[in-house]
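Visitor: One structure, as structure tokens, below. Some questions next.
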Amino acid sequence: MKESAPWRIRRRAQIMKAFLNSLEWVLMRAAAVFFVGFVVCIFLQLLSRYVPGITILWAAEIATYAFIWTVFLGAAVMVRHQEHFKIDYLYEKLAGLPLLLTKLVSHVLIGAFGAAMVVYGSKLTHLFWEWTVNTLPGLQQGYLWLVLPVSGFAMLAFAFGNAVEDIGAHSLKKESDAA
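Taking my numbering, the leading residue of the sequence shown gets 95, the next gets one more, and so forth.
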């Protein structure tokens, strides 16, 4: 027996939602780890500055990298919740199809930005992969640049998921209004 089209669509939507939930879970945990690393490095930097005999040259640089990773991963998660790039005033004034079209334009622009981050971030990561951090010669700068394609992929995935969700919500509202 062949599956009905609406059931297949719902099943694919469930799979996509599970993937996006998992991606968000991983990003949130990674951002938390980087944030803790940032706080620890700032604390070490303060110790190095105010306690005689303690010299930790790398703390400021690692704190900067940890902060950058935290911000970019957090920005991707905010795209998932449609809270990062949004003009509330316009959304509050629109309804129905104009609101859906406005949201879709927003999702496409965010997705394009995410795709650009993946493409150009990958190029930057590759370009700087062999460069090392000044205060930690064993650490490659490519790890810093890797945040661009990682967060760009997440933004692209979340923008796509948001577009699918908004289209589905609009369709359901249209069906319920017709009934």
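Heads up, the beta-carbon is just placed ideally off N, CA and C, and yes, glycines get one too. The structure presented is a predicted model; accordingly, all values stated were derived computationally and were not measured.
What's the gap between the Cα of M95 and the Cα of L198?
Guide: Stepping through the sequence shown from its first residue, residue 95 is reached at position 1. Stepping through the sequence shown from its first residue, residue 198 is reached at position 104. For M95, the predicted model reports a pLDDT of 47, less than 50, meaning its position is unreliable; a value from the coordinates is still stated below. Computed Cα separation, rounded: 36 Å.
Visitor: Over what stretch of residues does the alpha helix (DSSP H) that includes E177 continue unbroken?
Guide: Counting from one through the sequence shown, the residue named residue 177 turns up at place 83. Element bounds for E177: n/a, residue is neither H nor E.
Visitor: Helix or strand or just coil, what does DSSP make of M95?
Guide: Translated into the one-based positions of the sequence shown, residue 95 becomes position 1. A caution first: M95 carries a pLDDT of 47, below 50, which makes its placement in the model unreliable, though a value can still be read off. Coil at M95, not helix or strand.
Visitor: Give me whichever residues DSSP pairs with T226 in a beta bridge.
Guide: Stepping through the sequence shown from its first residue, residue 226 is reached at position 132. According to DSSP, which records beta bridges pairwise, T226 is partnered with Q234.
Visitor: Please tell me whether G205 and A248 are closer than 8 Å, where the distance is taken between their beta carbons.
Guide: Looking up residue 205 in the sequence shown gives position 111. Looking up residue 248 in the sequence shown gives position 154. Going by C-beta atoms, G205 is not nearer than 8 Å to A248.
Visitor: Return the chain-ordered list of same chain residues with a C-beta closer than 7 Å to the C-beta of L233, the five sequence neighbours on each side being excluded.
Guide: Position 139 of the sequence shown, counted from the first residue, corresponds to residue 233. Correct list, in chain order: T226 and V227.
Visitor: At what residues does the alpha helix (DSSP H) containing L184 begin and finish?
Guide: If you number the sequence shown from 1, residue 184 lands on position 90. That run of the alpha helix (DSSP H) goes D182 to K187.
Visitor: Would you tell me roughly how many angstroms separate the C-alpha atoms of P243 and K267, rounded to the nearest one?
Guide: For the purposes of this step, residue 243 is identified with residue 149 of the sequence shown, where counting begins at 1. For the purposes of this step, residue 267 is identified with residue 173 of the sequence shown, where counting begins at 1. Computed Cα separation, rounded: 36 Å.
Visitor: CB-CB under 7 Å to E177, same chain, minus the five flanking residues each way: which ones, in chain order?
Guide: Counting from 1 along the sequence shown, the entry for residue 177 is found at position 83. Here the set comprises nothing.
Visitor: Buried or exposed: where does W119 fall if 16 or more other Cβ atoms within 10 Å of its Cβ makes it buried?
Guide: Here residue 119 is taken as the residue at index 25 of the sequence shown, counted from 1. Exposed, because fewer than 16 other Cβ atoms sit within 10 Å of the Cβ of W119.
Visitor: Once the 5 residues before and after A160 are set aside, which same chain residues still bring their CB inside 8 Å of it?
Guide: Translated into the one-based positions of the sequence shown, residue 160 becomes position 66. Here the set comprises F128, F129, G131, F132 and C135.
Visitor: Go ahead and label G147 buried or exposed: buried means 16 or more other beta carbons lie within 10 angstroms of its beta carbon, across all protein chains shown.
Guide: In the sequence shown, residue 147 corresponds to position 53, counting from 1. Burial call: exposed.
Visitor: What's the call for V173, buried or exposed, on a 16-neighbour Cβ count within 10 Å?
Guide: Start at 1 with the first residue of the sequence shown, and residue 173 comes out as number 79. Buried, since its Cβ has 16 or more Cβ neighbours within 10 Å.
Visitor: Which whole-angstrom value is the C-beta distance of G262 and A112, which I expect to be below 8 Å?
Guide: Here residue 262 corresponds to residue number 168 of the sequence shown, with the count starting at 1. Here residue 112 corresponds to residue number 18 of the sequence shown, with the count starting at 1. Not confirmed; about 15 Å, so no contact.
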